[in-house]
Structures are given as C-alpha cells and as structure tokens.
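S.K.: Taking our numbering as reference, the numbering of the sequence shown is continuous, increasing by one, and the terminal residue is 292. All C-beta atoms in this analysis are idealised placements derived from N, C-alpha and C, irrespective of residue type, glycine included.
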Amino acid sequence: MSDIWDNVRSQWESIRHAVEGDSPRTGAGAAFSRGGIGLSVNPVAITGEPGAGKTVLYDALIQAIRSGDGDSSRSPSVEKHTTVLRSGGRRTRSVVTVIPGQVSAQREQALTDTMRGAASPHGIVHVTCWGHNRIWQRGTQRDVREVLGTQGQTVDREAVRAWHLHKEVVDFRNLVDQIIDRQLAKRLRWMIIAVSKSDLYWDRLDEARDYYIPDTGSAGTESPFGILLRDLENETALRLSVVPMASRLIRHKFLHGLPEQTSQLDDSQIGTLRTHFSQQLQEFMVSERLGGRHGSP
Ligand SMILES: Nc1nc2c(ncn2[C@@H]2O[C@H](COP(=O)(O)OP(=O)(O)OP(=O)(O)O)[C@@H](O)[C@H]2O)c(=O)[nH]1
Ligand SMILES: [Mg+2]
-4 MSDIWDNVRS QWESIRHAVE GDSPRTGAGA AFSRGGIGLS VNPVAITGEP
46 GAGKTVLYDA LIQAIRSGDG DSSRSPSVEK HTTVLRSGGR RTRSVVTVIP
96 GQVSAQREQA LTDTMRGAAS PHGIVHVTCW GHNRIWQRGT QRDVREVLGT
146 QGQTVDREAV RAWHLHKEVV DFRNLVDQII DRQLAKRLRW MIIAVSKSDL
196 YWDRLDEARD YYIPDTGSAG TESPFGILLR DLENETALRL SVVPMASRLI
246 RHKFLHGLPE QTSQLDDSQI GTLRTHFSQQ LQEFMVSERL GGRHGSP
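#1: Taking the continuous alpha helix (DSSP H) assigned at Leu195, which residues delimit it?
#2: Take His247 and list the residues in its own chain whose beta-carbon comes closer than 6 Å to its own, dropping the five residues that flank it on each side.
#3: Do you know how far the Cα of Gly16 is from the Cα of Gln104?
#4: Would DSSP call His121 helix, strand or coil?
#5: Is any non-hydrogen atom of ligand 2 found closer than 7 Å to the C-beta of Lys49, if you look at the structure I gave you?
#6: Please determine, among Leu160, Asp205, Thr78, the residue with the shortest C-alpha to C-alpha distance to Glu217.
#7: I need the DSSP call for His76, collapsed to helix, strand or coil.
#8: What is the DSSP secondary structure of Gly290, counted as helix, strand or coil?
#9: Measuring from the CB of Ser67, is there a heavy atom of ligand 2 at a distance below 7 Å?
#10: Tell me the residue span of the beta strand (DSSP E) that contains Ala113.
#11: At a cut of 8 Å, does the stretch -4 to 16 reach the stretch 218 to 236 through at least three beta carbon pairs?
#12: Could you tell me whether the Cβ atoms of Trp197 and Leu260 are closer together than 8 Å?
#13: Does the distance from the C-beta atom of Ala189 to that of Phe272 stay below 8 Å?
#14: Based on Cα-Cα distance, which residue from Leu268, Ala47, Ile265, Asn229 lies nearest to Ile174?
#15: Return the Cβ separation of Leu250 and Val155 in integer angstroms, given the expectation that the two are a contact with Cβ distance under 8 Å.
#16: Does His251 get closer than 8 Å to chain D when you measure Cβ to Cβ?
#17: Per DSSP, what kind of secondary structure is Arg234 in: helix, strand or coil?
#18: Determine the burial state of Glu163: buried for a count of at least 16 other Cβ atoms within 10 Å of its Cβ, exposed for fewer.
#19: Just to confirm the assignment, what range does the alpha helix (DSSP H) spanning Ile175 have?
#20: Quick check on Asn169: buried or exposed, where buried means 16 or more other Cβ atoms within 10 Å of its Cβ?
#21: Tell me which residues share the same chain as Gln6 and place their Cβ nearer than 6 Å to its Cβ, disregarding the 5 neighbours each side in the sequence.
Spelled out as structure tokens, the structure:
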C-alpha cells in the first residue's frame, strides 16, 4: 500500500502554511527562463479544460506577468515555448507545449503532434481550477445557464462550479484512460496536477484538497477525480503530485449576471505559491535528467 497520497497531502499543507505566513517567505524563484541552446531537451505539455488557467500559469512561471498587464484571451491554437529550467547549478532545456482547451481542429492537431505516436512529453502539468473556469464566449455562458435551468437547478455559483467539475473530470478521465492504455504520451514519466486559481477559494482550500487528492483513509467516499488519480497511480509508474497554485489575481465571473468572486491572496502570497510550484517542477525534471527511476514516489 503506497503512502504517496499522504506525502502529497502533507506537501499541500506545508505550502498552505508557507502562504499563510507561518514560515518565512522565500524569493520569487522562477522555474523557467527563455532561450537555451545546446542543452538536452525535456518535453513538457500543459493540459486542461478551456479557461482553467494554462496560458497564465506558464506566463507566471516565466514571470512574464506584471501587475497592471492586460488579461489573457482564449488560446485558439497551440502555444509552444523553449525555456531553460534552472536548479542550483544545473540547467535543463525544456520545450513546453500548451494545448488549447477548447475542442477544435487545432486542439486535435496539437494532441497528435505532441502526445500521439512517437511524440510524447516526459511530463504533463494538468491544470484544474475547482470549477472556476472562465467561459470565454457569451453564447456558451447562455448555454450553461439554459442547461442548469432545464435541470431545475438554481443558477448560482455552486451550480456553475459543479457543471465545470463534471466537465473537468470527463476530460481528465479521457486523458488518464489513454495514458493507461498507452495510446497517448508513451514516454511520460511524471504528472503534476496544478490546482490553480486557489486565490479565488483559499477559504475553502480543504474542500479543494479533498477533491483533488485521493484519500488514503476512507473507503467509498473518494471524489471522482481522486478515483482517476488513484487508477493512474495503480496502473502506471508515473511520479504524481497535486499542488495548489495561483498565477495572477483577477476577479472571476462565474456567469454573466452572477456576483464576482474576488481574490483572497496578495502578490507576495502568490509568489510563494509560484516558488513551491517551481520547486516541484524542478524536482521532477531534474531527477529525470539525472536518470531517476520512473514512477518511484
Ligand atoms: N484569480 C485568478 N485568475 C486566474 C488565474 N489563472 C488564470 N486566471 C484567469 O482565468 C482566465 C483563463 O486563464 P487562461 O490561462 O487564459 O486559460 P487557458 O487554460 O489558457 O484557457 P484556453 O486558452 O481557453 O485553453 C483568465 O481571465 C485569467 O486571467 C489565477 O491563478 N487566479
Ligand atoms: Mg490559453
């Protein structure tokens, strides 16, 4: 019986303590910087639902966002970056591909080029946001409102969150099944679940933790997301991690007409989250480069 999930949980808790100021705040360690020629290449894919925070998470990791910068917009096509990961004296060149979330011909092409056949990332950062996805198009917002209405539900933030969570788990199941069946990402060695936009629900962080991290103790009460992660752990030798993250402080609108959700953290606190996220990335990427065993937690 693996204690990996206990470790993931305690890592989550120590990040929370660091953010809440129980331990000294560290500097704003960047995982990535641009450029890098002549180093071995380490392919990484960033996946997740539309509006989950993929583009902005990458920008946060290279520290490309300054307060006052304009917001991101929907990514219609793949975003590919070559970056250098620094850890101590070591440097690893990485090609990071951000796969667009919305179903489209470009998304299919990106998946084929990046994940299928011989192509495979060594690592995946799968971005989730506990139901706080931005819905880019007004028409889609109307559709969601209509679906909830037809189901007889009150259209409030919890209903919208549940709608997103359902969609997110269907998408993740698809990814997990294809990895387990070795149809996708055959050379994959690690996966980080980025639980992003935590600034919007820091007061409910325990609920998000219990949703995303499989529970070692209680049988039968596991969330649908936890069940999938546990499957991934049982069926593959991947190294897995689940980390809270916030990339920028921006108000969230669940649907047009619903009250906005404001951020509960400050710049220095999201700097702490970014530092811890970067450290996790470094740990997985560097241990891989040093020939670390696949999948041993
Ligand atoms: N409060 C808050 N907002 C965030 C965070 N990360 C992203 N956002 C916002 O969420 C929205 C979507 O972020 P993106 O990074 O563009 O989403 P994406 O996953 O790239 O979406 P697609 O391009 O549609 O696949 C934007 O308005 C971001 O500013 C975060 O950590 N906290
Ligand atoms: Mg995007």
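M.R.: Taking the definition as stated:
#1: Element bounds for Leu195: n/a, residue is neither H nor E.
#2: Result list for His247: His127, Leu195, Gln256, in chain order.
#3: 44 Å
#4: In this structure, His121 counts as strand in the three-state DSSP scheme.
#5: Result yes, Cβ under 7 Å from ligand 2.
#6: Asp205
#7: strand
#8: Because Gly290 sits at a pLDDT of 38, beneath the cut-off of 50, its placement in the model cannot be relied upon, and the point is left open.
#9: yes
#10: First-last for Ala113: undefined, no H or E at that position.
#11: yes
#12: For Trp197 and Leu260, yes; Cβs fall inside 8 Å.
#13: In this structure, Ala189 places its C-beta atom within 8 Å of the C-beta atom of Phe272.
#14: Asn229
#15: 6 Å
#16: Among the chains in the structure shown there is no chain D, since it carries only a single protein chain.
#17: strand
#18: buried
#19: Counting along the chain, the alpha helix (DSSP H) containing Ile175 begins and ends at 152 to 175.
#20: exposed
#21: none
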